[in-house]
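Trainee: As given, the protein sequences belong to chains A and B, one line each in that order. To convert, count from 1 in the first sequence and add 110; that's the working numbering. To convert, count from 1 in the second sequence and add 93; that's the working numbering. In this text, a Cβ means the ideal position worked out from N, Cα and C, and glycines have one as well. Can you keep this structure in mind? I'll have questions shortly.
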Amino acid sequence: MSYDIKRSVSLYSYQDEYYDKKLDLEGCLRETAKAGATGVELLAEQMIRRFPLPIEDEEFRAQWFEMLKKYGLEPSCYDAFLENHIYDNRMLSLGEQINMMNRDIRLASMLGFPVLRTLVSTPMDVIEGSLEYAEKMNVKIGLEVHAPFSLNSGWADGYMEMIHRTGTRYFGFVPDMGIFCKNIPDVLADKARRHGAKEECIKIVDDAYAARMAKGFVKIKYDLNLGKANMEYRMANGMQEMMDAVKAAGGGPADMEYAANSFTYSWSDPQDLVDNIDYIFHTHAKFYNVHEDYVETAVAIPEVVEAFKKAGYKGFLSSEYEGGEHLRADMEVDSIEQVRRHQEAMRRAIEG
Amino acid sequence: MAGRQIYNPDGFKNIEKDGKIVGFQCEMKAQYYRGITLSIVRDIKVNVDGTDYNREDVRLSVNGETFTLEEMRTVIDSDYRWEFGDYATVSVMTEGGLTAGTHHIKAVQVIDPSYMPFQVEAVCEADFDIK
């Protein structure tokens, strides 16, 4: 099947340089282009000060489109955060949440984004209540499928039911490639070692991950109570037994942290992408550490790209660097180099 | 190997009003990856040299306006967000402030992004000097 797999960068990737004021919004766009991407994904609340006011301003938008033109970039995905608990004493009402969602759809549209990423905490009826406006503005709502969630699961079935019931073409998924981890990223074990973890404990955790891979991860269920669903998922995948084994081996805080964090990663069969391709609008190409030889520590880039080719995917793979959080307490983070390597790794897989 | 900087090293000072020291202040960045409304900052706990300060005595200032933690619960204005990568000034109103010399601060930022099942609790520690 013919495919058109394009490369984008999520500016989330450059958060450490932005935090240190080494890069501003334009600097991030420049680096995105230099890394070889043609698409850009934006978290407006991260890099647009006084959110959302500037987006309403014609002059600001003119600058935005001027910068995109200068660096040869097209908008790929707008990452929204439905702040439905903006006040500590209550959740926003359904109507207020739909208004907030529609505001974000409008902001995405004004900046030229064809897809809006929403998060798993967005209630189903808020999504349904926004579909008409999304269609009017021609912005597709993509629900992020981030570990521990997965496609072809009881959780995803809840949304598929809604898609079929409403017949909408404006709601689908944004898979995060963190659901295709063959092992725990090396930057985690490195951090655990720096903080005093024992080799024996690291091995228990790594072996448990390998066992989950071999056996197949038990998938998460659809439940409005995300904390409960996540805890059930962890227990069904043997978390308690693993934590007990780490404790019995004399595990300290660094060992326990490594063990608990290992459940942030998961493995899904890349065939899930083929099965659901009609509903995939955009992809977060999550990564943790790409080595000098362009091999990513955990994410199965070649296998995932192969599945997208087989499926005939027409859309972006958007680099989303998340290794920095395991480095920044102890050392400087070089997101620019990491993104460069990751773009090259994806280029080789796509063009190879 | 140096980790990320949370506090402005030049931001620690006593607060003087009408010739009297009424408290101390520091400048810190939010340990989260996007700008936020002050309403989702659910707490700033401050401990210096082992002493905990009262929530009522803590203030946070951004863009020239100062809010108590209680007031922050309803602050959603675009001009008064805690922007990503920007310092906010955290003040503690305590008579006499801090003595001259070296101190250790341990502050905890409690931030509550709506989509997270748990609040972000970032422990921020540093040694600093008061002149």
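Alpha helix (DSSP H) containing A:Pro363: first to last residue?
Mentor: Pro363 to Asn371
Trainee: Between the region 202 to 217 of chain B and chain A, which residues of the former have CB atoms less than 9 Å from a CB of the latter, in chain order?
Mentor: Asp205, Pro206, Ser207, Tyr208, Met209, Pro210 and Phe211
Trainee: Which runs of the beta strand (DSSP E), 3 residues or longer, sit entirely within the region 211 to 276 of chain A?
Mentor: The region 211 to 276 of chain A contains these whole beta strand (DSSP E) runs: 225 to 228 and 250 to 255.
Trainee: So the beta strand (DSSP E) A:Phe418 belongs to, where does it begin and stop?
Mentor: Per DSSP, A:Phe418 belongs to no beta strand (DSSP E); it is in the alpha helix (DSSP H), Ile411 to Ala421.
Trainee: Using the C-alpha atoms, what's the distance from B:Ser154 back to B:Val115?
Mentor: Straight-line Cα distance between these residues: approximately 16 Å.
Trainee: Is any beta-carbon of chain B found at less than 9 Å from that of A:Asn466?
Mentor: An answer regarding residue 466 of chain A cannot be provided, because it is not within the stretch 111 to 462 covered by chain A.
Trainee: Is it the case that the Cβ atoms of A:Tyr431 and A:Tyr404 are separated by a distance below 9 Å?
Mentor: Taking a C-beta distance under 9 Å as the contact criterion, A:Tyr431 and A:Tyr404 do not qualify as a contact pair.
Trainee: DSSP has A:Trp174 in a bridge; who is on the other side?
Mentor: In the DSSP output, where bridge partners are listed per residue, A:Trp174 has none listed.
Trainee: Provide the residue(s) that pair with B:Cys217 in DSSP beta bridges, ordered along the chain.
Mentor: B:Ala200
Trainee: Would you say A:Ile363 reaches chain B, if we count a Cβ-Cβ gap shorter than 9 Å as a contact?
Mentor: What sits at residue 363 of chain A in the sequence shown is Pro, not Ile. Answer no: the Cβ-Cβ gap between A:Pro363 and chain B never drops below 9 Å.
Trainee: Output, in chain order, the set of chain B residues within a Cβ distance shorter than 8 Å of A:Phe191.
Mentor: Arg127, Pro206, Ser207 and Tyr208
Trainee: Would you kindly check if the distance between the Cβ of A:Arg159 and the Cβ of B:Gly143 is under 9 Å?
Mentor: No, Cβ-Cβ distance for B:Gly143 and A:Arg159 is not below 9 Å.
Trainee: Fully enclosed by the region 282 to 340 of chain A, which alpha helix (DSSP H) runs are 4 residues long or longer?
Mentor: Runs of the alpha helix (DSSP H) inside the region 282 to 340 of chain A: 296 to 304 and 309 to 325.
Trainee: Could you please give the first and the last residue of the uninterrupted beta strand (DSSP E) stretch that includes A:Ala358?
Mentor: Here A:Ala358 belongs to no beta strand (DSSP E); instead the alpha helix (DSSP H) covers Met349 to Ala358.
Trainee: Indicate whether at least one CB of chain A lies closer than 9 Å to the CB of B:Glu158.
Mentor: no
Trainee: Give me the Cα-Cα distance between A:Ala154 and A:Tyr188, rounded to the nearest whole angstrom.
Mentor: 7 Å
Trainee: Under 9 Å, Cβ to Cβ, is there at least one residue of chain A near B:Asp220?
Mentor: no
Trainee: Could you name the residues that DSSP lists as bridge partners for A:Pro185?
Mentor: A:Val150
Trainee: Let me know if A:Tyr350 comes out buried or exposed under the rule of 16 or more other beta-carbons within 10 Å of its beta-carbon.
Mentor: Residue identity differs from the one stated: residue 350 of chain A is Gln in this sequence, not Tyr. Per the 10 Å Cβ criterion, exposed.
Trainee: Please confirm whether B:Met121 and B:Gly96 have their CB atoms less than 9 Å apart.
Mentor: Contact: no.
Trainee: Nearest to A:Val449 by alpha carbon, out of A:Asn212, A:Glu406, A:Tyr423 and A:Ala439?
Mentor: A:Glu406
Trainee: Taking DSSP as the reference, what is the three-state secondary structure of A:Leu192?
Mentor: coil
Trainee: Can you tell me the Cα-Cα spacing of A:Arg140 and A:Tyr181, whole angstroms?
Mentor: 6 Å
Trainee: Taking the Cβ atom as the reference point for each residue, do B:Ala193 and B:Tyr125 lie within a distance shorter than 9 Å?
Mentor: no
Trainee: Just mark B:Gln98 as buried or exposed, buried being the case when its beta carbon has 16 or more other beta carbons within 10 Å.
Mentor: Per the 10 Å Cβ criterion, exposed.
Trainee: Quick check on the DSSP output: the beta strand (DSSP E) that includes B:Glu109 runs from which residue to which?
Mentor: Residues Lys106 to Lys110.
Trainee: If contact is defined by three or more beta carbon pairs under 8 Å, each pair taking one atom from either stretch, is the region 194 to 204 of chain A in contact with the region 162 to 176 of chain A?
Mentor: no
Trainee: Along chain A, which residues have their Cβ under 8 Å away from the Cβ of B:Lys224?
Mentor: In chain order: nothing, as chain A lies at least about 26 Å away.
Trainee: Straight-line CA distance for A:Met323 to A:Asp365?
Mentor: 21 Å
Trainee: One question on the structure: do A:Val356 and A:Ile314 come within less than 9 Å of each other, judged by their Cβ atoms?
Mentor: yes
Trainee: Indicate whether the contact test is met: 3 or more Cβ pairs, each with one atom in the region 298 to 309 of chain A and one in the region 381 to 389 of chain A, closer than 8 Å.
Mentor: no
Trainee: Are the beta-carbon atoms belonging to A:Asp286 and A:Ala266 less than 9 Å from one another?
Mentor: no
Trainee: If we call anything under 9 Å between Cβ atoms a contact, is B:Phe177 one with A:Met210?
Mentor: no
Trainee: Pull the bridge partners of B:Asp222 from the DSSP assignment, please.
Mentor: B:Thr195
Trainee: Mind checking the region 116 to 145 of chain B against chain A and listing, in chain order, the residues whose C-beta falls within less than 9 Å of any C-beta there?
Mentor: Lys122, Tyr126, Arg127, Gly128, Ile129, Thr130, Ser132, Ile133 and Arg135
Trainee: Would you be able to state if there are at least three C-beta pairs under 8 Å between the region 130 to 144 of chain B and the region 164 to 172 of chain B?
Mentor: yes
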